[in-house]
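In what follows, a single structure is set out as structure tokens and then discussed.
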Ligand code: SF4
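Put into structure tokens, the structure is as follows:
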């Protein structure tokens, strides 16, 4: 009889240890804060920043944390694929410029994309390097030229983006 109690106790212990290890391995706290920012304090949440220079820009920040006088941006996404896309990097890079110029505070040249699975609810984080201010200004200028017909757009390499594009029927009828 005693050995049954021992086996049940051992099994229960293993389950608890596995759950604890899984928890420690989680990259993101339940509130969406990356574990790497455990010592950082929340500075902004869902706040919009507007600037007129070096370019006219309005950017909404999901989360910004302060770690040793440096602002670190976090973008929250719900998507099936645990991937940070280039569009996330562009979005965060624009937020970086908006926050820097609107607040005068230094903002890290890296950021986090926290991706929540719509199926399981699990969260993973991806650390991304941001584009420079010059690159973002150049992108914005190019967009303006494309919109007035002064430059030709390039075809994207991402068929996923094309599938959601309103110009797909004309541009990519093959999809
Ligand atoms: S379908 Fe849309 S996203 Fe894709 S290449 Fe054409 S314009 Fe760009």
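In the numbering used here, the protein residues as written are -14 to 160.
By construction, the Cβ of each residue, glycine as well, lies at the ideal position given by its N, Cα and C atoms.
Keep in mind the model is a prediction, meaning the values are calculated, not measured.
Enclosing alpha helix (DSSP H) for residue i [first to last residue]
i, result
"residue 72", "71 to 88"
"residue 120", "118 to 132"
"residue 155", "153 to 156"
"residue 148", "144 to 148"
Residue i CB to nearest heavy atom of the ligand SF4 below 7 angstroms
i, result
"residue 153", "yes"
"residue 71", "no"
"residue 128", "no"
"residue 146", "yes"
"residue 84", "no"
"residue 157", "yes"
"residue 141", "yes"
Range of the contiguous beta strand (DSSP E) that encloses residue i
i, result
"residue 33", "26 to 36"
"residue 57", "55 to 63"
"residue 45", "42 to 52"
"residue 109", "108 to 114"
Residue i (DSSP reduced to helix, strand or coil)
i, result
"residue 100", "strand"
"residue 161", "Residue 161 is absent from the structure shown; the chain starts at -14 and stops at 160."
"residue 92", "strand"
"residue -8", "helix"
Cβ-Cβ separation, residue j to residue i (assumed contact under 8 angstroms), whole Å
i, j, result
"residue 97", "residue 158", "Contact flag wrong, Cβ pair sits at about 38 angstroms."
"residue 138", "residue 109", "Their Cβ separation, rounded to whole angstroms, is 32 angstroms, which puts residue 138 and residue 109 out of contact at 8 angstroms."
"residue 92", "residue 40", "The pair is not a contact, with the Cβ atoms about 16 angstroms apart (cut-off 8 angstroms)."
"residue 49", "residue 29", "4 angstroms"
"residue 99", "residue 124", "Contact doesn't hold; Cβ gap of about 24 angstroms is too wide."
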